[in-house]
Amino acid sequence: MIKMNKLFSTRRQRHFMMLLKYWRLVFNDHFVIALFFLFGALAYGYSQWLPSLGPGLWWSRWLLVLWFVFVAQVGRLATLLKRPDPVFLLPQVDAMENYLKQAYRYSLLLAEIITVAGAFVALPFALTTEKLSTAEIVAVFLMAMVTKDDWLFTARKSISMRWAKQTRRTRLEYWVNPLLAALATWLVNPFVGLAVAVILDIAMRLVYRGLMVDWTAAVKMEDDRMYSVYRFFNLFTDVPSVQGNVKRRRWASGLIKYLSNGTRPWAYLYARGFIRNTDVSGIVIRLTLVGMVLALLVPVQWLNTVLVLLFIYLIATQLMPLYDQYDGNVFTHLYPVDHEERVHDFQRLLTRVTLVEALLIVIASLGLDADWHRLLINFIVAAVEVAFLTRFYFKVRMKKLSEEY
Amino acid sequence: MALEVRDLVGGYSQIPVLKKVSLDVQPGELVGLIGLNGAGKSTTLNHIIGLLQPFSGEIKINGLTLQANPNEYKKQIAYVPETPILYDELTLREHLELTMNAYGLDHDQAWEKATKLLKTFRLDNKLDWFPANFSKGMKQKVMICCAFMTDAKLLIVDEPFYGLDPLAVHDLLNLIEQKKKAGVAVLMSTHVLDTAQRYCDRFVLLANGQVRAHGTLDELRKQADRPDESLDEIYLGLARDDQDE
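Residue numbers (the working numbering), protein chains in the order written: chain A, 37 to 441; chain B, 226 to 470.
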């Protein structure tokens, strides 16, 4: 039997095992290399950008305020509650108090690590645009950490019987409290900012008492959190519980027609699945837009071409999981249709979608300076890449997938 | 013989759930597959529709096997699952169209049949809705429409009555009757025994993955030595005997 005071630590261990399983898959994926490249490019850009800044910019303090308010939003309260808990743990009122305390401490630890990392990222910028003493730097870090504690406490009280209904107030506190502390830090001085953060943190705890858990709110919050965790992993691998929403999108019926293939059942299914499932089409649209913006704005020839290639690759890989999206549905196994027909129909959809997205990005790479030479090079390289991805890489991926079963 | 199962041993993992199950269904015949929860009804059906690979034994539909003629074999089957299984992204109309495409049906003829079925189940005004948001009973009706619209020679129906309103149960039984008249073989698993007793031509009683008894109601009565009793009582008697052993 699991004792109630051990419940959280057993759950935390299981949660770690689950995360570990997914992280292993994440680092096995080529997608992660692409992301590293993107991060590298961002860091490079950041380091190139700093020396060009002088002191006395009107917006630098506001940017710092904005950054610290956003950093405070990262790192949520992980209660690890599960749907059946309200039924099975209903009589355990006192034990739940203890359970949630442990959950709070665990979440706080993780959130503070993220907060410190976030503050570190801002540090070079702050030191370039501001004159900060060592004590002031420490005060900034402490302010960020206390604000995070305040934020997490807001989350904790939002899942209590007494305060759960005030969702608007809670949402306001998530943003306004960090904003007040950050404004005091950067517009007055870091010590005042720290004082504001501490006062807010204490005030919150004095105002909000009686934190008996509201099961509905608590389970919903944890469900939402886990869903976003799964969504992240779903970028790299298939997570069964992430399905996305469905939108009819009547306006896209022309596109569906373009992607279907006469009366072939798999093409029929894939075309509609791709267009209407917000999860798949959503990420393809987002990647295309980001890719187009970058291709438009980056003037360096080689970097531009690499980015174009990268985004076409990302789009193609994010499409691949659609292939076995319907394996959970018995009927797809019952249809009297050859396996080759399915592979062919998926390949067709993959080619058509990737081709359209690649064209859009290549056209965007004409750039603000209308460089036809760059457009031509990108066009040729992209065409080769699309052919490679949809013929060769797709086959390799399918082989890998079928070996997993 | 429409469906022929010989000495089927099978199950989901390494451990066999079914131990040498044999049964057959003739064209135009409704056979009831009866058993408690976990007796192996759905497992048997999953083997027949080709979702599971038998460890040993043979399954033939009109002389075809899944291994030798997968597409022809699958064309013979229409299936109504125990819990409705639908595509989130497709409307009711598209579910029907996809089924027509998958089975290579003539669209005009199939739509004629489909429209009749939809009218029967009062779904004809919901063609552009997403059935994934329907109630359980309405979803089941969509499954029935898709299956009964095909020209399949063998109809596999898994626990069809659960979640259907009494009118729909009645309509479904009528549809099965029509299919039988058209020479379709029907295998239906259920534990609604009084309905089964009234409508099925023969019964296969499963317990612990084995065929405990099979035959018409009269034959079962003779075997169990309970001449006047209902299917319900005969089955309960057999099930209790098994538990006592």
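Quick reminder that beta carbons are idealized off the backbone N, C-alpha and C, glycines included.
What you are looking at is a predicted structure, and each value in this text was computed from that prediction instead of being measured.
Using only the alpha-carbon positions, how far apart do residue i and residue j sit?
i: Ser-45 of chain A; j: Ala-114 of chain A; result: 13 angstroms
i: Ser-100 of chain A; j: Trp-338 of chain A; result: Reading the sequence as shown, one finds Leu at residue 100 of chain A and not Ser. The straight-line gap from Cα to Cα measures roughly 32 angstroms.
i: Tyr-441 of chain A; j: Asp-363 of chain A; result: Its pLDDT being 49, under 50, Tyr-441 of chain A is placed unreliably in this model, and the value from its coordinates should be taken loosely. Taking the straight line joining both Cα atoms gives about 11 angstroms.
i: Asp-349 of chain B; j: Ser-264 of chain A; result: 38 angstroms
i: Met-37 of chain A; j: Arg-50 of chain A; result: Reliability fails at Met-37 of chain A, whose pLDDT of 45 lies under 50, so the model's placement of it is uncertain and the value that follows must be treated cautiously. In a straight line, the C-alpha of Met-37 of chain A is about 16 angstroms away from that of Arg-50 of chain A.
i: Leu-323 of chain B; j: Thr-268 of chain B; result: 26 angstroms
i: Thr-151 of chain A; j: Ala-158 of chain A; result: 11 angstroms
i: Ala-419 of chain A; j: Arg-312 of chain A; result: 27 angstroms
i: Val-329 of chain A; j: Ala-162 of chain A; result: 28 angstroms
i: Asn-365 of chain A; j: Leu-396 of chain A; result: 34 angstroms
i: Glu-172 of chain A; j: Trp-94 of chain A; result: 21 angstroms
i: His-320 of chain B; j: Phe-355 of chain B; result: 9 angstroms
i: Gln-365 of chain B; j: Val-382 of chain B; result: 11 angstroms
i: Asp-260 of chain A; j: Leu-116 of chain A; result: 11 angstroms
i: Leu-404 of chain A; j: Ala-77 of chain A; result: 20 angstroms
i: Tyr-266 of chain A; j: Phe-272 of chain A; result: 10 angstroms
i: Gly-440 of chain B; j: Val-234 of chain B; result: 21 angstroms
i: Val-316 of chain A; j: Gly-362 of chain B; result: 30 angstroms
i: Thr-203 of chain A; j: Tyr-298 of chain B; result: 57 angstroms
i: Trp-211 of chain A; j: Val-176 of chain A; result: 18 angstroms
i: Phe-124 of chain A; j: Val-255 of chain A; result: 13 angstroms
i: Asp-224 of chain A; j: Pro-160 of chain A; result: Before going further, note that residue 224 of chain A is Val rather than Asp in the sequence given. For Val-224 of chain A and Pro-160 of chain A, the distance between alpha carbons rounds to 20 angstroms.
i: Leu-343 of chain A; j: Phe-430 of chain A; result: 21 angstroms
i: Phe-367 of chain A; j: Glu-258 of chain A; result: 33 angstroms
i: Ala-303 of chain A; j: Leu-144 of chain A; result: 48 angstroms
i: Asp-457 of chain B; j: Leu-442 of chain B; result: 11 angstroms
i: Leu-380 of chain B; j: Thr-345 of chain B; result: 19 angstroms
i: Leu-385 of chain A; j: Ala-423 of chain A; result: 13 angstroms
i: Leu-358 of chain A; j: Thr-415 of chain B; result: 35 angstroms
i: Trp-222 of chain A; j: Arg-97 of chain A; result: 6 angstroms
i: Phe-442 of chain A; j: Ile-69 of chain A; result: Given a span of 37 to 441 for chain A in the structure shown, any question on residue 442 of chain A remains unanswerable.
On the DSSP bridge assignment, give the partners of residue i in chain order.
i: Phe-428 of chain B; result: B:Gly-257 and B:Gly-440
i: Met-413 of chain B; result: B:Gly-257 and B:Val-382
i: Lys-285 of chain B; result: B:Glu-229
i: Gly-235 of chain B; result: B:Leu-243
i: Val-249 of chain B; result: Going by the sequence as given, residue 249 of chain B is Asp instead of Val. DSSP lists B:Glu-229 as partners of Asp-249 of chain B.
i: Ala-303 of chain B; result: B:Leu-380
i: Val-342 of chain A; result: The partner list for Val-342 of chain A (beta bridge, DSSP) is empty, contrary to what the question assumes.
i: Asn-313 of chain A; result: A:Val-282
i: Val-249 of chain A; result: A:Ser-196
i: Gln-435 of chain B; result: B:Ala-432
Taking 8 angstroms as the threshold (beta carbon to beta carbon), is residue i in contact with chain C?
i: Phe-355 of chain B; result: Absent here is chain C; the protein component of the structure consists of chains A and B.
With C-beta atoms as the reference, is residue i less than 8 angstroms away from residue j?
i: Trp-251 of chain A; j: Pro-122 of chain A; result: yes
i: Thr-390 of chain A; j: Ala-352 of chain A; result: yes
i: Gln-354 of chain A; j: Ile-319 of chain A; result: yes
i: Ala-264 of chain B; j: Ala-432 of chain B; result: yes
i: Leu-228 of chain B; j: Val-250 of chain B; result: yes
i: Ala-410 of chain B; j: Cys-370 of chain B; result: no
i: Val-230 of chain B; j: Ile-273 of chain B; result: yes
i: Gly-275 of chain B; j: His-369 of chain A; result: yes
i: Ala-108 of chain A; j: Pro-226 of chain A; result: no
i: Leu-442 of chain A; j: Ala-153 of chain A; result: Since the displayed chain A opens at 37 and closes at 441, residue 442 of chain A lies outside it and no answer follows.
i: Arg-378 of chain A; j: Tyr-294 of chain A; result: no
i: Lys-193 of chain A; j: Tyr-244 of chain A; result: yes
i: Ala-377 of chain B; j: Gln-292 of chain B; result: no
i: Asn-297 of chain A; j: Asp-381 of chain A; result: yes
i: Arg-308 of chain A; j: Leu-315 of chain B; result: yes
i: Glu-421 of chain A; j: Leu-323 of chain A; result: no
Please indicate yes or no: does the CB of residue i lie closer than 7 angstroms to some heavy atom of the ligand MG?
i: Leu-178 of chain A; result: Ligands displayed in this structure: none; no statement on the ligand MG is therefore possible.
Would the segment 236–245 of chain A count as touching the segment 172–188 of chain A if we require 3 or more Cβ pairs under 8 angstroms?
Cβ pair count under 8 angstroms is three or more, so yes.
List, from N- to C-terminal side, the alpha helix (DSSP H) runs of 4 residues or more that fit wholly inside the segment 358–398 of chain A.
366–370, all fully within the segment 358–398 of chain A.
Is there contact here, the segment 229–240 of chain B with the segment 275–283 of chain B, by at least three beta-carbon pairs under 8 angstroms?
Touching, per the Cβ criterion.
Are three or more beta carbon pairs between the segment 247–256 of chain B and the segment 420–438 of chain B nearer than 8 angstroms?
With a cut-off of 8 angstroms on Cβ pairs, the segment 247–256 of chain B is in contact with the segment 420–438 of chain B, counting three or more such pairs.
Can you confirm whether the segment 309–322 of chain B touches the segment 379–386 of chain B when touching is taken to mean that 3 or more C-beta pairs between the two stretches lie within less than 8 angstroms?
As far as the Cβ criterion goes, the segment 379–386 of chain B does not touch the segment 309–322 of chain B, which means the pair count is below three.
Curious, which full-length alpha helix (DSSP H) runs of at least 4 residues does the segment 76–109 of chain A contain?
Uninterrupted alpha helix (DSSP H) stretches at least 4 residues long and entirely within the segment 76–109 of chain A occur at 96–109, given in chain order.
Contact the segment 125–142 of chain A vs the segment 54–61 of chain A: 3+ CB pairs below 8 angstroms
Touching, no.
Extract the residue ranges of the alpha helix (DSSP H) inside the segment 214–244 of chain A, only unbroken runs of 4 or more that lie entirely within it.
List check, alpha helix (DSSP H) in window: 226–243.
Inspect the CB distances between the segment 72–91 of chain A and the segment 280–292 of chain A and report whether three or more fall short of 8 angstroms.
As far as the Cβ criterion goes, the segment 72–91 of chain A does not touch the segment 280–292 of chain A, which means the pair count is below three.
Can you list the alpha helix (DSSP H) stretches of 4 or more residues lying completely in the segment 332–385 of chain B, in chain order?
Whole alpha helix (DSSP H) segments, 4+ residues: 332–345 and 361–374.
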